[in-house]
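Here the structure comes first, spelled out in structure tokens, and everything after it is commentary.
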Amino acid sequence: MTVTDAATGSTATRGRPWASEALHRADPQIADLLAAEAERRAETIQLLAGENLTTPAVLAALAGPLIDKYAEGYPGRRHHTGCALADAAELLAIDRARELFAAPHANVQPRSATSAMLAAYAALLRPGDGVLAMSLEHGGHLSCGSRANFSGRWFEFTGYGVREGDGLIDLDQVRDLARLHRPKAIVAGSISHPRHPDWAAFREIADEVDAYLIASVAQTAGLVAAGLAPSPVPYADVTVAATHKLLRGPRGGLLLSTAELAERIDRAVFPFSQGGAAMNEVAGKAVALAEAATPAYRAYAQRTVDGARALAAGLAEAGMRPLTGGTDTHLVTADVSTLGVTGLEAERRCAAAGLLLGKCALPYDPAPPAEGSGIRLGTGTVTSQGMGEAELAGIAGLIARLLAGEAPGPVAERVRELALAFAGPR
Ligand SMILES: *Cc1c(COP(=O)(O)O)cnc(C)c1O
Numbered sequence: 008m009t010v011t012d013a014a015t016g017s018t019a020t021r022g023r024p025w026a027s028e029a030l031h032r033a034d035p036q037i038a039d040l041l042a043a044e045a046e047r048r049a050e051t052i053q054l055l056a057g058e059n060l061t062t063p064a065v066l067a068a069l070a071g072p073l074i075d076k077y078a079e080g081y082p083g084r085r086h087h088t089g090c091a092l093a094d095a096a097e098l099l100a101i102d103r104a105r106e107l108f109a110a111p112h113a114n115v116q117p118r119s120a121t122s123a124m125l126a127a128y129a130a131l132l133r134p135g136d137g138v139l140a141m142s143l144e145h146g147g148h149l150s151c152g153s154r155a156n157f158s159g160r161w162f163e164f165t166g167y168g169v170r171e172g173d174g175l176i177d178l179d180q181v182r183d184l185a186r187l188h189r190p191k192a193i194v195a196g197s198i199s200h201p202r203h204p205d206w207a208a209f210r211e212i213a214d215e216v217d218a219y220l221i222a223s224v225a226q227t228a229g230l231v232a233a234g235l236a237p238s239p240v241p242y243a244d245v246t247v248a249a250t251h252k253l254l255r256g257p258r259g260g261l262l263l264s265t266a267e268l269a270e271r272i273d274r275a276v277f278p279f280s281q282g283g284a285a286m287n288e289v290a291g292k293a294v295a296l297a298e299a300a301t302p303a304y305r306a307y308a309q310r311t312v313d314g315a316r317a318l319a320a321g322l323a324e325a326g327m328r329p330l331t332g333g334t335d336t337h338l339v340t341a342d343v344s345t346l347g348v349t350g351l352e353a354e355r356r357c358a359a360a361g362l363l364l365g366k367c368a369l370p371y372d373p374a375p376p377a378e379g380s381g382i383r384l385g386t387g388t389v390t391s392q393g394m395g396e397a398e399l400a401g402i403a404g405l406i407a408r409l410l411a412g413e414a415p416g417p418v419a420e421r422v423r424e425l426a427l428a429f430a431g432p433r
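For what it's worth, our numbering labels the leading residue of the sequence shown as 8, then goes sequentially.
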């Protein structure tokens with residue numbers, strides 16, 4: 008099946024390997040389930056912040072023969088034989104990552120952004136060391152000190168947050184906490200904050216207390232690649248990215264670092280925290296990094312931000328307050344308590360009409376964390392499908408109708424129409 012990729016304009020075979028005869032014969036249950044999942048995606052609108060559509064070229068690389076290659080170690084120093092071509096693929100991925108982000112060193116092996124965070128901490132810290140990061144209540148990821156995560160068990164986290172008034176990161180608080188706790192590392196980056204960190208300011212604070220600076224741009228690495236977000240690379244000792252979010256690559260992580268830390272970063276990934284890398288994912292990352300260097304990708308990234316701004320403006324007009332008043336990214340986090348519903352209720356009502364978005368606890372949220380007062384949305388997937396500002400303004404209107412208490416029926420019909428119009432051939 009031929010699919011025109013909305014982001015790059017390139018036509019490539021996305022194919023439906025999951026719909027193959029072989030799978031149907033071997034496992035009809037899984038085959039049917041995958042067909043139903045494809046149907047579900049086609050009929051609904053995906054606004055989950057971390058999701059995207061993997062590009063056809065990346066999917067092709069993921070299904071390629073490197074899926075069967077064991078290649079523990081790094082190019083030129085493997086623990087397995089027969090790795091010459093795997094080495095060549097990994098070197099391409101590394102070179103492309105270094106060039107795209109102007110980074111002295113890149114490691115393309117982490118299986119996820121969380122694994123990349125684990126490796127970053129392992130390279131720089133010892134158990135019990137102090138880390139200053141955005142608190143989970145204000146938008147920090149689990150890997151920034153959750154007690155349910157290795158980070159919160161093995162390191163002493165202190166959390167900074169945003170100001171209650173304008174919702175922006177309180178750099179005075181960051182500085183005060185850094186002086187008070189003298190952390191060994193400071194982390195900047197968030198899962199839901201819609202503005203870019205002031206990297207120079209974070210560097211200055213880290214220098215003042217002799218701490219490492221870790222930049223976590225899992226959400227926004229694509230915007231950095233496209234030149235639409237300030238790059239942390241000149242400022243951070245280690246930068247953590249995800250390749251499956253805005254970068255539209257395989258599900259995985261990426262580490263960038265200074266030349267000085269290269270050896271420690273590599274050892275922290277393999278052998279410290281992982282075994283052999285998934286070489287098909289490494290090949291897929293190489294493809295995604297090449298695609299992200301094109302003008303077409305830059306245009307795609309710009310459209311994700313334009314769309315998110317239209318979405319934020321539409322939500323604001325309907326009485327939902329976007330965090331920080333808007334967005335500089337593909338992310339929108341909005342307060343729905345003004346409409347008399349919790350984030351959880353908003354998520355449920357929207358899901359019932361085919362609009363998939365996430366409930367979210369807000370900074371200073373009076374609601375229990377499991378319910379939250381906010382919703383979090385991202386425009387990565389819908390922009391890959393070709394939706395733009397007009398569609399996203401319309402989607403804001405549909406969300407407003409659902410949260411105002413309108414029965415889901417008519418909205419669900421409109422959502423299905425819109426979704427199918429942008430689903431591409433199935
Ligand atoms: C998505 C995200 C992660 C986790 O990514 P995984 O690949 O699911 O482990 C970590 N940190 C931030 C800031 C993220 O946005």
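Note that beta-carbon positions come from the ideal geometry of N, C-alpha and C, so glycine has one too.
Item to check | Length at least 3, wholly inside the region 98-169: the beta strand (DSSP E) runs in chain order | outcome: 112-114, 137-141 and 163-167
Checklist entry - Under 8 Å, do K191 and A225 count as touching if we go by C-beta distance? => result For the purposes of this step, residue 191 is taken as residue 184 along the sequence shown, with counting starting at 1. For the purposes of this step, residue 225 is taken as residue 218 along the sequence shown, with counting starting at 1. Against a cut-off of 8 Å, the Cβ pair of A225 and K191 comes out as no contact.
Checklist entry - Between A374 and the rest of its own chain, which residues show a CB-CB distance below 8 Å, the 5 nearest in sequence each way excluded? => result In the sequence shown, the residue the question calls residue 374 occupies position 367. Cβ within range, chain order: S344, T349, G350, A368 and S380.
Item to check | Nearest-angstrom Cα separation, counted from A26 out to L41 | outcome: Here residue 41 is taken as the residue at index 34 of the sequence shown, counted from 1. Here residue 26 is taken as the residue at index 19 of the sequence shown, counted from 1. Spanning the two alpha carbons is a distance of roughly 8 Å.
Item to check | Simplified DSSP state of T250, which is helix, strand or coil | outcome: In the sequence shown, residue 250 corresponds to position 243, counting from 1. DSSP places T250 in coil when its eight states are reduced to three.
Item to check | Environment of D183 [buried if 16+ CB atoms lie within 10 Å] | outcome: Looking up residue 183 in the sequence shown gives position 176. Flag for D183 reads exposed.
Checklist entry - Quick one: what's got a C-beta closer than 7 Å to R421's C-beta in the same chain, skipping five residues either side? => result Counting from 1 along the sequence shown, the entry for residue 421 is found at position 414. Excluding residues within five positions, the ones whose Cβ falls inside 7 Å are L405.
Checklist entry - In chain order, what residues of the same chain have a beta carbon less than 8 Å from the beta carbon of Q309, not counting five sequence neighbours either side? => result Counting from one through the sequence shown, the residue named residue 309 turns up at place 302. Cβ within range, chain order: A233 and L235.
Item to check | Neighbour-count burial assignment, F279, 16 or more Cβ in a 10 Å radius | outcome: As a position in the sequence shown, residue 279 is number 272, starting the count at 1. Exposed, because fewer than 16 other Cβ atoms sit within 10 Å of the Cβ of F279.
Checklist entry - Straight-line CA distance for L362 to L54? => result Counting from 1 along the sequence shown, the entry for residue 362 is found at position 355. Counting from 1 along the sequence shown, the entry for residue 54 is found at position 47. Answer to the nearest angstrom: the Cα atoms are 7 Å apart.
Checklist entry - Is it the case that the CB of H145 approaches a heavy atom of ligand 1 more closely than 7 Å? => result What you label residue 145 is simply residue 138 of the sequence shown in a count that begins at 1. False, no ligand heavy atom lies under 7 Å from that Cβ.
Checklist entry - Along the chain, which unbroken stretches of the alpha helix (DSSP H) at least 4 residues long are found entirely within the region 56-101? => result 63-69
Item to check | Distance cut-off 7 Å: H203 Cβ against heavy atoms of ligand 1 | outcome: Stepping through the sequence shown from its first residue, residue 203 is reached at position 196. No, the Cβ of H203 stays beyond 7 Å of every heavy atom of ligand 1.
Checklist entry - Would you report the Cα separation of T388 and E58, rounded to the nearest angstrom? => result As a position in the sequence shown, residue 388 is number 381, starting the count at 1. As a position in the sequence shown, residue 58 is number 51, starting the count at 1. Looking at the two C-alpha atoms, the distance is approximately 6 Å.
Item to check | beta-carbon Q226 near ligand 3 non-hydrogen atom, thresh 7 Å | outcome: Within the structure as shown, ligand 3 is missing, the only ligands being ligand 1.
Checklist entry - Using CA coordinates, which residue listed in L262, D34, G393 and T336 is at the minimum distance from R103? => result Your numbering for residue 103 matches position 96 in the sequence shown. It is L262 whose Cα lies nearest to the Cα of R103.
Item to check | Stretch pair the region 156-169 + the region 240-256: three plus CB contacts closer than 8 Å | outcome: no
Checklist entry - Taking 7 Å as the cut-off, is the CB of H148 close to at least one heavy atom of ligand 1? => result Start at 1 with the first residue of the sequence shown, and residue 148 comes out as number 141. Correct: H148 has its Cβ closer than 7 Å to ligand 1.
Item to check | Classification of P72 by the beta-carbon crowding that lies within 10 angstroms, buried from 16 upward | outcome: Locating residue 72 in the sequence shown gives position 65, where the first residue counts as 1. So P72 counts as exposed.
Checklist entry - When the Cβ atoms of the region 274-292 are set against those of the region 88-103, are three or more pairs found closer than 8 Å? => result yes
Checklist entry - Considering only the beta carbon of each residue, do A130 and A275 sit closer than 8 Å? => result Numbered from 1 along the sequence shown, position 123 holds the residue referred to as residue 130. Numbered from 1 along the sequence shown, position 268 holds the residue referred to as residue 275. Yes, the Cβ-Cβ distance between A130 and A275 is below 8 Å.
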